[in-house]
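Heads up: the structure comes next, in structure tokens.
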Amino acid sequence: MTTTMFTLNAFYGLALAMNMFIIASGLNLIFGVLRVINFAHGMFYMFGAYIIFTVTKSWGAPFFVGVLASAAGLAVIALVIERLLLRHLYGKEHLMQLLFTFAVVLLMSDAAKMIWGTDQYSVGYPAGLGGAVNLGFVVLPQYQLFLCVVGPLIAIAMWLLVDKTRAGRIVRAATQDREMLAALGVNVPMVYAAVFTIGSALAGVGGALAAPRVALVPGMDATIINECFIIVIIGGLGHMWGSFVGALAFGFVVQFGTVWAPNWQDVLPYLLMLAVLIVRPWGLFGQPESGR
Amino acid sequence: MADLLVEDIHTAYGLSQVLFGVSLEVRAGECVALIGRNGVGKTTTMRSIMGLTPPKRGRVTWKGQDISRLGPHRICRLGIGFVPEERRIFPELSVWENLDIARRSGAGGKTTWREEQVFALFPDLAGIRERKGGVLSGGQQQMLTIARTLMGNPELLLLDEPSEGLAPLIVELLRMRVAELKATGLSIVLAEQNLEFVMALADRVYILEKGEVRFTGTPADLRADKSIVQQYLTV
Numbered sequence: 003m004t005t006t007m008f009t010l011n012a013f014y015g016l017a018l019a020m021n022m023f024i025i026a027s028g029l030n031l032i033f034g035v036l037r038v039i040n041f042a043h044g045m046f047y048m049f050g051a052y053i054i055f056t057v058t059k060s061w062g063a064p065f066f067v068g069v070l071a072s073a074a075g076l077a078v079i080a081l082v083i084e085r086l087l088l089r090h091l092y093g094k095e096h097l098m099q100l101l102f103t104f105a106v107v108l109l110m111s112d113a114a115k116m117i118w119g120t121d122q123y124s125v126g127y128p129a130g131l132g133g134a135v136n137l138g139f140v141v142l143p144q145y146q147l148f149l150c151v152v153g154p155l156i157a158i159a160m161w162l163l164v165d166k167t168r169a170g171r172i173v174r175a176a177t178q179d180r181e182m183l184a185a186l187g188v189n190v191p192m193v194y195a196a197v198f199t200i201g202s203a204l205a206g207v208g209g210a211l212a213a214p215r216v217a218l219v220p221g222m223d224a225t226i227i228n229e230c231f232i233i234v235i236i237g238g239l240g241h242m243w244g245s246f247v248g249a250l251a252f253g254f255v256v257q258f259g260t261v262w263a264p265n266w267q268d269v270l271p272y273l274l275m276l277a278v279l280i281v282r283p284w285g286l287f288g289q290p291e292s293g294r
Numbered sequence: 002m003a004d005l006l007v008e009d010i011h012t013a014y015g016l017s018q019v020l021f022g023v024s025l026e027v028r029a030g031e032c033v034a035l036i037g038r039n040g041v042g043k044t045t046t047m048r049s050i051m052g053l054t055p056p057k058r059g060r061v062t063w064k065g066q067d068i069s070r071l072g073p074h075r076i077c078r079l080g081i082g083f084v085p086e087e088r089r090i091f092p093e094l095s096v097w098e099n100l101d102i103a104r105r106s107g108a109g110g111k112t113t114w115r116e117e118q119v120f121a122l123f124p125d126l127a128g129i130r131e132r133k134g135g136v137l138s139g140g141q142q143q144m145l146t147i148a149r150t151l152m153g154n155p156e157l158l159l160l161d162e163p164s165e166g167l168a169p170l171i172v173e174l175l176r177m178r179v180a181e182l183k184a185t186g187l188s189i190v191l192a193e194q195n196l197e198f199v200m201a202l203a204d205r206v207y208i209l210e211k212g213e214v215r216f217t218g219t220p221a222d223l224r225a226d227k228s229i230v231q232q233y234l235t236v
């Protein structure tokens, strides 16, 4: 492999990783605080992609208005689901939550077919990001370059929010002792609703940003949710930087896998997860569950 | 008129009932002790007042308002602070962060307690403000859990077995601190098994057994009648 090809593949791997990180970090945030494994997260991603399609193609709005619309749309959907239904399942066994979020997948999947049909759609690159940047030895597409900037920005913003603000401290406390936090005057149900809303909005943003890279078809949610789980498990459940590293590992394995071992490309991410779990059953950044 | 009025509360965890009609009252500035052996319902009484395990029957009123059906965060905001027996420090948060998340002006905008004041009360905490809650000693955790609840500027403090598992020297220090808190006019409900700890602090004493109040009186009454101590408190 030439330097050019290697750089190009590494770069595509990185762009894929950053797009996946944005989606997976939402899933991870929700799990970290609510202890709910949200199977509908992939469906939220799909809705994010479809919403930006409608907003940019049908209504003619600029791309970034579409991204905001996807985030806002998913925030509203998530807030309704959380307030009306999901909040009754906190503290229940994981199976109940799994069945519930799976029901959400089925409902939203049919809703998507009613709204958008079963045709395949595509979303164009945003104005000004459809070109390429020539570095001399390699030409890099601008949009993927943009993803490589946005991903770390979102990671840093989340880190600042969670580690350096009082709201973030309250969210961290909620992961540790919800009852004590309530006794200290914090409206914990509101914290949960906010976290679920923000986490789901990240799926919407991730879907909107993925839309120019992928085909919009029914079922696009199913692969994504599996891939998100792989990333979150590799990094360690509930650990934000873990998801970041997990996404990087995933992106590179998928990208170089397609080049070097195309017959294995579907299996490689699972092998990666298996390898990590054998060495560290709680993921790269995770801690063994103590008697919490 | 009492600030806190607990009237005939029955509280259960699922099918297992713990309180069978507990009544008590706390007047402003008063320190009331709940004493009794393990498992008689002291903690459950506090959890019922705080809304953590709401009573199935009976009523809790705070300054004339029925709070029996309010959530714990609402009760906290009305001016009742809970210091749990297990301390419940957030282990992954630093000492300062543990205090910061509890920061709240009290009912009526009272801000008597801020970092400076709690660090002045517990100087040991000032030196370890960056340390994670999970690595503190038992004594430090006990000071932090009280300090943390004070950050919410309560008017009534529910102190659940603060002397539990601490070295005698620390217990003595803690007793002095609680006495200082009482002197500021804070109302206190103190659950204890350590009779020494209670006697010097409490204005009135309730002895609980099997989820019922068996004796109400002053520490002097208790001292005068050794048979009560014998009957309800010796193991």
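These protein sequence lines map, in sequence, to chains H and B.
FYI, this note's numbering numbers position 241 of the first sequence as 243, with every residue one higher than the one before it.
FYI, this note's numbering numbers position 136 of the second sequence as 137, with every residue one higher than the one before it.
We treat Cβ as the ideally placed atom computed from N, Cα and C, and that holds for glycine.
Treat the numbers as computed from the prediction; the structure is a model and nothing was measured.
Beta-bridge annotation (DSSP): F83 (chain B) is paired with B:L159. Distance from the CA of C150 (chain H) to the CA of L131 (chain H), rounded to the nearest whole angstrom, comes to 13 Å. When only Cα atoms are considered, E31 (chain B) and K183 (chain B) end up about 8 Å apart. Taking 8 Å as the CB threshold, G34 (chain H) stays off the interface with chain B. Of the other Cβ atoms in all chains shown, 16 or more fall within 10 Å of the Cβ of G201 (chain H); this residue is therefore buried. Of H:F46, H:L142, H:A12 and H:I39, the smallest CA-CA separation from I226 (chain H) is found for H:F46. Contacts with chain B (Cβ-Cβ distance below 8 Å) from the region 104-127 of chain H involve no residue at all. Interface residue (Cβ-Cβ distance to chain H less than 8 Å): H11 (chain B) is not classified as such.
At a Cβ-Cβ threshold of 8 Å, I25 (chain H) and G208 (chain H) count as neighbours. Excluding five sequence positions before and after G28 (chain H), the CB atoms of its chain that fall closer than 6 Å to its own CB belong to G201, L204 and A205, given in chain order. Of the other Cβ atoms in all chains shown, 16 or more fall within 10 Å of the Cβ of S188 (chain B); this residue is therefore buried. Residues of chain B whose Cβ lies closer than 8 Å to the Cβ of M182 (chain H) are, in chain order, P85, R89 and F91. Contact note: G30 (chain B) does not reach chain H at a C-beta cutoff of 7 Å; the least C-beta distance is about 22 Å. Close partners of D179 (chain H) in chain B (Cβ separation under 9 Å): R89, I90, F91 and P92. Setting aside the 5 residues that flank it on each side, A184 (chain H) is surrounded in the same chain by V190, each with a C-beta closer than 7 Å to its C-beta; the list follows chain order.
Between G244 (chain H) and chain B, the shortest Cβ-Cβ separation is not below 8 Å. Within 10 angstroms of the beta-carbon of F246 (chain H) lie 16 or more other beta-carbons, which makes it buried. D101, I102, A103 and R105: these are the residues of the region 100-128 of chain B whose beta carbon lies less than 7 Å from some beta carbon of chain H, given in chain order. For E98 (chain B), the residues of chain H that pass the 7 Å Cβ criterion are R171, in the order they occur in the chain.
Taking a beta-carbon distance threshold of 8 Å, A185 (chain H) counts as an interface residue toward chain B. For a cut-off of 8 Å, the C-beta gap from M47 (chain B) to F83 (chain B) is around 7 Å, short enough to register as a contact. The criterion of a C-beta distance shorter than 8 Å is not satisfied by L81 (chain H) and A176 (chain H). Minimum Cα-Cα distance from E26 (chain B) among the listed residues B:E210, B:L196, B:Q141 and B:L191 corresponds to B:L191.
Neighbourhood of R70 (chain B) in chain H, by CB distance below 8 Å: empty, with the nearest CB roughly 15 Å away.
For N40 (chain H), the CB contacts under 7 Å within the same chain, skipping 5 residues up- and downstream, are L29, I32 and T103 in chain order. When the Cα atoms are used, F49 (chain H) and E229 (chain H) turn out to be separated by approximately 17 Å. For S27 (chain H), the enclosing alpha helix (DSSP H) starts and ends at T5 to L36. Counting C-beta atoms within 10 angstroms of its own C-beta, A71 (chain H) has 16 or more neighbours from the protein chains shown and is therefore classed as buried.
In chain H, no part has a C-beta under 8 Å from the C-beta of P169 (chain B); the shortest such distance is about 28 Å. By the rule that beta-carbons nearer than 8 Å mark a contact, P220 (chain B) does not touch chain H. In the DSSP assignment, I156 (chain H) falls outside any beta strand (DSSP E) and lies within the alpha helix (DSSP H) extending over Q144 to K166. Distance from the CA atom of L157 (chain B) to the CA atom of S49 (chain B), rounded to whole angstroms, is 15 Å. Q66 (chain B) has B:W63 as its beta-bridge partners, per DSSP. With a minimum length of 4 residues, the unbroken runs of alpha helix (DSSP H) contained wholly in the region 40-67 of chain H fall at 43-55. In chain order, F91, L94 and I102 make up the part of chain B whose C-beta sits under 7 Å from the C-beta of A175 (chain H). In the assembly as shown, K211 (chain B) is an exposed residue. Its beta-carbon has fewer than 16 other beta-carbons within 10 Å.
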